[in-house]
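Per this note's numbering, residue 1 is the first one in the sequence shown, and the count goes up by one each step.
Note that beta-carbon positions come from the ideal geometry of N, C-alpha and C, so glycine has one too.
All of these numbers come straight from a predicted model, not from anything done at the bench.
What follows is a set of notes on a single structure, which appears directly below.
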Amino acid sequence: MSIPTPHINAKAGEIAKTVLMPGDPLRAKFIAETFLTDPKLVNNVRGVQGHTGTWKGVPVTVMASGMGIPSISIYSWELYHYYDVDNIIRIGSAGALSDDLDVMDIVIGQGACTNSVLPSTFGTPGLYAPIADYTLLQKAVEAAEEHKAKFMVGNILSSDNFYAAEGQSANDLWKRMGVLAIEMEAAGLYANAAYAKKRALCICTISDHLYKQQYLSAEERQTSFTQMMEIALDTAVKMAEIK
Numbered sequence: 001m002s003i004p005t006p007h008i009n010a011k012a013g014e015i016a017k018t019v020l021m022p023g024d025p026l027r028a029k030f031i032a033e034t035f036l037t038d039p040k041l042v043n044n045v046r047g048v049q050g051h052t053g054t055w056k057g058v059p060v061t062v063m064a065s066g067m068g069i070p071s072i073s074i075y076s077w078e079l080y081h082y083y084d085v086d087n088i089i090r091i092g093s094a095g096a097l098s099d100d101l102d103v104m105d106i107v108i109g110q111g112a113c114t115n116s117v118l119p120s121t122f123g124t125p126g127l128y129a130p131i132a133d134y135t136l137l138q139k140a141v142e143a144a145e146e147h148k149a150k151f152m153v154g155n156i157l158s159s160d161n162f163y164a165a166e167g168q169s170a171n172d173l174w175k176r177m178g179v180l181a182i183e184m185e186a187a188g189l190y191a192n193a194a195y196a197k198k199r200a201l202c203i204c205t206i207s208d209h210l211y212k213q214q215y216l217s218a219e220e221r222q223t224s225f226t227q228m229m230e231i232a233l234d235t236a237v238k239m240a241e242i243k
């Protein structure tokens, strides 16, 4: 397939080697306008905004992924295979399971459990375990420490369903197994990265807690995750310094 692709109309050279992927197009716009120098809109197919600019002199693209594994799988596949992107860092919100987390804490997904069938479509004869790229993970931890963030590194759950039928929630079981939080995209991104021999990482800010009365509004989720955004941007800079 040549570029532009069916879902991305950027031209060759308009997308950086590192792409930050929030789910929300408005969050992508906010990040570009707030942090990037000379941001340029390079994609707006279906309103999924992608902006390329620089952060501390390093080219960075911020592009929305939409919600769910099917959506991020489409965009990350095209970015890895047709736009020669090396690193994709998902930045989004997650619902906390761990008692050690609170709203606005940060979770860095070392691994991504999932109830999605997507990892099985790669044909492995057993259960494939989607994990983050270690180098990206290491650099993100360095950046989080430099920002003095309150964060945890560990297993997350990428769920295909936001709502559960009555009596079908498995939150207690995932929590018992040490899963820190639930989101909806990382496992698909990690599997695509592994297949493409590229790098992927998920960094989430806790927007609500499934066992505590803590939650953020939609507006707060869109504009208040600035520490996570700066950690991801600084991770992009650290990756550019690798020779």
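Closest by C-alpha distance to A186, when choosing among Q227, S207, G109, V179: G109
Sequence-distant residues of the same chain with beta carbon closer than 6 Å to H209, five excluded per side: Cβ neighbours of H209 beyond the five flanking positions: A96.
Where L136 sits in the DSSP three-state scheme: helix
At what residues does the alpha helix (DSSP H) containing P59 begin and finish? Counting along the chain, P59 falls outside any alpha helix (DSSP H), though it belongs to the beta strand (DSSP E) covering 58-63.
Exposure label - Q289; buried when at least 16 CB within 10 Å: A question about residue 289 goes unanswered here, because the residues of the chain that appear run from 1 up to 243.
Alpha carbon to alpha carbon, what distance is there between L157 and M177? 11 Å
Taking Cβ to Cβ, would you say A94 is nearer than 8 Å to A64? no
Under a Cβ-count criterion, where at least 16 other Cβ atoms within 10 Å of its own Cβ denotes burial, should N161 be classed as buried or exposed? exposed
May I ask you to list the residues that DSSP assigns as paired with W55? V58
Boundaries (first-last residue) of the beta strand (DSSP E) holding H147: Unbroken run through H147: none, as it is neither H nor E.
Can you tell which of A232, T135, S76 has its C-alpha closest to the C-alpha of A144? A232
Which partner residues does V107 have in the DSSP bridge list? According to DSSP, which records beta bridges pairwise, V107 is partnered with M152, C204.
Report the three-state DSSP secondary structure of A181 (helix, strand or coil). strand
Pull up the distance between the alpha-carbon of I8 and that of L26, whole angstroms please. 17 Å
Pairing CB atoms from the segment 78-90 with CB atoms from the segment 190-204, are three or more of them under 8 Å? yes
Looking only at its own chain, which residues have a Cβ that is under 8 Å from the Cβ of W174, when we skip the five neighbours before and after it? L97, C113, L157, I182
Thinking just about the alpha-carbon of each residue, which of M1, G92, E78, P6 is nearest to the one in A218? Cα-wise, what sits closest to A218 is G92.
Helix, strand or coil: how does DSSP classify P125 here? When secondary structure is reduced to three states using DSSP, P125 falls in the coil class, being assigned neither helix nor strand.
Measure from the alpha carbon of A240 to the alpha carbon of each residue in T226, Y215, N192, K139, then state which is nearest. Taking each of T226, Y215, N192, K139 in turn and checking the Cα distance to A240, the smallest one comes out for K139.
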